[in-house]
Amino acid sequence: MKHYKEEISAYIDRELTASEQRLVAEHILLCSDCRKEHDQIKAAVELAIQLPRVDAPESVWNKIEDSINGH
Numbered sequence: 175m176k177h178y179k180e181e182i183s184a185y186i187d188r189e190l191t192a193s194e195q196r197l198v199a200e201h202i203l204l205c206s207d208c209r210k211e212h213d214q215i216k217a218a219v220e221l222a223i224q225l226p227r228v229d230a231p232e233s234v235w236n237k238i239e240d241s242i243n244g245h
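Residues 175 to 245 (my numbering) are what the sequence shown spells out, left to right.
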């Protein structure tokens, strides 16, 4: 049986084609290892969504820009 662990994040984010989504969904129903992986990733995504957004200070952006420009 082929495992779909590498595709689970894309499945959760709906980045797969419709047929790929269906294949992964069907597999997750049958495979406890992939279902566990799916549940862990989904829980992490849900926690990440709850994190507050914090903007970086201007000095950080200046350092990034300097790094990109080779300064």
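Even glycine gets a Cβ: it sits at the ideal position worked out from N, Cα and C.
- Within the same chain, Ile182, Tyr185, Ile186 and Ile202 come within 8 angstroms of His212 by CB-CB distance, once the 5 residues on both sides are set aside.
- Cβ neighbours of Val219 within its own chain (closer than 7 angstroms, five residues either side excluded): Ile186.
- With respect to the C-alpha of Val198, the residue from Ala230, Ile238 and Lys176 having the closest C-alpha is Lys176.
- Annotation: Ser233 to Leu225 spans about 23 angstroms, alpha carbon to alpha carbon.
- When the Cα atoms are used, Ile215 and Glu200 turn out to be separated by approximately 17 angstroms.
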